[in-house]
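Colleague: Per the UniProt record's numbering, residue 1 is the first one in the sequence shown, and the count goes up by one each step. All C-beta atoms, glycine included, are put in the ideal place defined by N, C-alpha and C.
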Amino acid sequence: MREEFWFHFPFRVRYSEVDAQAVVFNAHYLTYFDTAITEYFRALGYDYLGEVARTGIDFHTVKSVVEYKAPIRFDEDIEVCVRVAKIGRSSIVLTLAIFAKGSDDLRATGEIIWVATDQKTHQSVAVTEDLRALIASRETALA
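1) Count the CB pairs spanning the segment 96-107 and the segment 73-81 that are closer than 8 Å, and state whether there are at least three.
2) Leaving out five residues before and five after Glu139 in sequence, what residues of the same chain have Cβ atoms less than 7 Å from its Cβ?
3) On the criterion of 16 or more Cβ atoms from any shown chain inside 10 Å, does Arg54 qualify as buried, or is it exposed?
4) Taking its Cβ as the centre, do 16 or more other Cβ atoms sit within 10 Å of Gly88, making it buried, or is it exposed?
5) Quick one: complete alpha helix (DSSP H) runs, 4+ long, within the segment 47-104?
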């Protein structure tokens, strides 16, 4: 499964991220996902804030799924993997996986769905052709 991802972002679990059971608290998985998605787009060369300012189009999260496979503990090194699995007219489906650093030891999977939205009208709009092409340049399954 790890080989399905070209992008991996490292984290070291901080003490503040674990719960009374000494594992990462469930809500932090979404923070890991969000941070890794931001870094994924940065690695693509996409100027997220610049594009929002230029076009008035931003993405709204409409779905978040986390599947917990095995515990992640304090001070562990992990990698969050991100890929775009699908681009619809106005939506982008992101698939995520968390592994122990440098291994196939899967700890969690996830899916985040974004919808491109005009920030003045709050209506969905098409994902731009430029962004589609940029994503397809790295996600060969979408090319």
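Modeller: In brief:
1) The segment 96-107 vs the segment 73-81: in contact.
2) Excluding positions up to five away in sequence, the list reads Arg83 and Val84.
3) Arg54 is exposed by the Cβ-count criterion.
4) Around the C-beta of Gly88, fewer than 16 other C-beta atoms lie within 10 Å, and the residue is accordingly described as exposed.
5) Whole alpha helix (DSSP H) segments, 4+ residues: 48-55.
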